[in-house]
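Below you'll find the structure, written out as structure tokens, and then a few comments.
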Amino acid sequence: MTQRVDLATVMDRLAVDDLVSGYAAAVDDGDWTAYRALFVPDGRADYRGSGGIEGPADEVAAWLAETMTLFPVRQHLIVNRLVSFRAPGGYPQPGDEASVRADYVNPMRFSSGEDFVCGGRYAFTARRTAEGWRLRSVVVDERWRRL
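If you use our numbering, the sequence shown corresponds to residues 100 to 246, in order.
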């Protein structure tokens, strides 16, 4: 690879990382407009792995807006991000599609004051668009929880 290709890949990695961080901030802040804007028009989210729903990002955002009222305090910690890029057609080289596997710990507080913590793994897929990188899908695989 040339330095120019390496720099482009680094810039794409940073942009995809910002996308994942933007996702966490939108959910934690309850900013459902920002949440929707992170997705491509046909983007989907799947929260069935944590007891939730699966569907188009707009529908899931509405469900999250209602559900997250149970937790007025919440904070995502998304770590161990493994990013890979593919060219269109699935070729394993830098391109316009990305996958991110990332672990999470999510401490929250119920309205009653009780703490709730869960953890697991996210699978994100993203696509480069004219507006920048956007999420195609988010899949949650909760692996543990504790009250």
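Note that CB positions come from ideal geometry on N, CA and C, so glycine has one too.
For clarity, every value in this text was computed on a predicted model and none was experimentally measured.
Contact check, ALA186 vs ARG200 under 8 Å by CB: the rounded distance? Not quite, the Cβ-Cβ distance comes to about 19 Å (not below 8 Å), so this is no contact.
Say whether the stretch 202-209 touches the stretch 128-135, bearing in mind that this needs 3 or more beta-carbon pairs closer than 8 Å, one atom from each stretch. no
Taking 8 Å as the threshold (C-beta atoms), are ARG180 and ASP127 in contact? no
Rounded straight-line distance, which links the Cα of PRO140 to that of VAL159: 13 Å
Specify the secondary structure class of LEU234 as computed by DSSP and reduced to three states. strand
For ARG235 and THR228, which I take to be in contact (beta-carbon distance under 8 Å), what is that distance rounded to the nearest angstrom? That belief does not hold up - the Cβ atoms of ARG235 and THR228 are roughly 10 Å apart, past 8 Å.
Count the other C-beta atoms from every protein chain shown that fall within 10 angstroms of the C-beta of TRP260, then say buried if there are 16 or more, exposed otherwise. Past the edges of the chain, shown from 100 to 246, lies residue 260, and the structure says nothing about it.
If the criterion is Cβ atoms closer than 8 Å, does the pair LEU246 and PHE215 meet it? yes
In three-state DSSP terms, what is ARG218? It should be pointed out that residue 218 corresponds to Gly in this sequence rather than to Arg. Correct three-state label for GLY218: strand.
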